[in-house]
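Scroll down for the structure; my scribbles are underneath it.
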Amino acid sequence: MQDNIFIYTAKINFNISDIDFQEALNSLSKEEQNSIIKKRDYKSRCESLTSVLTIKKAIKDVLGVTGSCFQIKRTVMNRPYIEPNRKFNIDFNVSHSREWVVCAISSMCKIGIDIEEILPIDINIAKEFLSNEEWKFLIGCKEERVKLFYKFWTLKESFFKAVGIGINDLIKEVNFGRLDNKKNIFEKEINRDIWNFYNTTFNKNYALSLSINKPIKSIKFISYNEL
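Okay, structure coming up:
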């Protein structure tokens, strides 16, 4: 486990039967069930259920424990954590976009992950979220500006999720500058701390980024299809 990062990927089944949904729900604690049931619509409940199941699968695989000995809870900033957390020396983070859930997990670190479907946008809107250096770099690119914007966005989002705060007015202060498209793993100093980043295109049309406060030596993707 040491120095290894695992990224679990799960495709959300929005056509799951009521029986299968309830069976999967019953495998969770009452508190976890209630958190899912209170979601505003069926789509959100499917997303939430898949997220919880994927997180629990990752934790059980990495730690070799049963799902009954811990619960998934969230901070006031909606960051997931394990209860009781004093027993487990790991960190994990989860993200979802459209039909995919991704969960990153590792030990002795802080970790954040973000996935976004690459959709057409008005590229001028990007200026509201990018530093001056990032914006100049984006405009200077003749091709794939939209894809580059999502790369910047997911890198920033994954960093803020790693440190446990939401994207806010600080978004422009986290500056990735001129990205080297030949490198999908790189190191950067932010607020006097050294962070390591990973970015890739997932399933052809999704941008996926990872932030972690230790060197990235190994990343392993694991496909998980429970529902």
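If you're matching positions, the sequence shown starts at -4 in our numbering and goes up one per residue.
Backbone N, C-alpha and C fix where the C-beta goes; we use that ideal spot for every residue, glycine too.
With 16 other Cβ atoms within 10 Å as the buried cut-off, status of residue i
i    : result
M103 : exposed
F155 : buried
R187 : exposed
N220 : exposed
I100 : buried
C98  : buried
V89  : buried
D15  : exposed
L165 : exposed
E27  : buried
S12  : exposed
E152 : buried
D36  : exposed
D86  : buried
Contact under 8 Å by Cβ, residue i with residue j
i    : j    : result
N191 : S204 : no
K6   : E111 : no
I108 : F144 : no
I180 : I217 : no
I67  : I50  : yes
K167 : L125 : yes
G161 : M72  : yes
Spatially closest choice to residue i from the options, by CA coordinates
i    : options                : result
A121 : I106, K105, S101, K142 : K142
A202 : A53, D86, H91          : H91
L150 : I185, E138, L23        : I185
S206 : F147, I217, S218       : F147
K177 : I85, E27, T196, T45    : T196
C64  : N29, I0, L23, Q28      : L23
T61  : M72, R69, I77, I2      : I77
N84  : N29, N163, L58, V71    : L58
I239 : G161, K137, K199, T4   : Not covered by the structure: residue 239. The range shown for the chain is -4 to 222.
T4   : T45, K25, G135, D13    : T45
V96  : D86, R40, Q17          : R40
A157 : N163, K105, D175       : K105
Own chain residues within Cβ distance below 8 Å of residue i, not counting five before or after
i    : result
E128 : N170, G172, R173
K38  : F9
W130 : A121, K122
I189 : E182, K183, N208
K79  : In the sequence under discussion, the amino acid at residue 79 is Pro, which differs from the Lys named in the question. Answer for P79: F65, listed in chain order.
Close Cβ partners of residue i (< 7 Å) along its chain, the five nearest in sequence each way excluded
i     : result
R140  : I118, L133
I214  : I0, I2, Y193
M(-4) : Its pLDDT being 49, under 50, M(-4) is placed unreliably in this model, and the value from its coordinates should be taken loosely. Excluding residues within five positions, the ones whose Cβ falls inside 7 Å are V57, S102.
K137  : none
L20   : Q28, I31, L44
Cut-off 6 Å between Cβ atoms - residues of its own chain near residue i, not counting five sequence neighbours on either side
i   : result
R74 : G159
S43 : I31, K34
K52 : Y219
T70 : none
Closer than 8 Å to chain B by CB, residue i
i    : result
L174 : This model lacks chain B altogether, as it is built from one protein chain only.
Subject >> Runs of alpha helix (DSSP H) wholly within the segment 133 to 171 (minimum 4 residues, chain order) >> reply: 140 to 158
Subject >> Inside the segment 54 to 122 only - beta strand (DSSP E) runs reaching at least 3 residues >> reply: If you keep only unbroken beta strand (DSSP E) runs of at least 3 residues inside the segment 54 to 122, you get 66 to 69, 75 to 78, 85 to 92, 95 to 102, 106 to 112.
Subject >> Entirely enclosed beta strand (DSSP E) segments - the segment 167 to 212, minimum 3 residues >> reply: Taken in chain order, the complete beta strand (DSSP E) segments of 3 or more residues contained in the segment 167 to 212 are 180 to 185, 188 to 197, 201 to 207.
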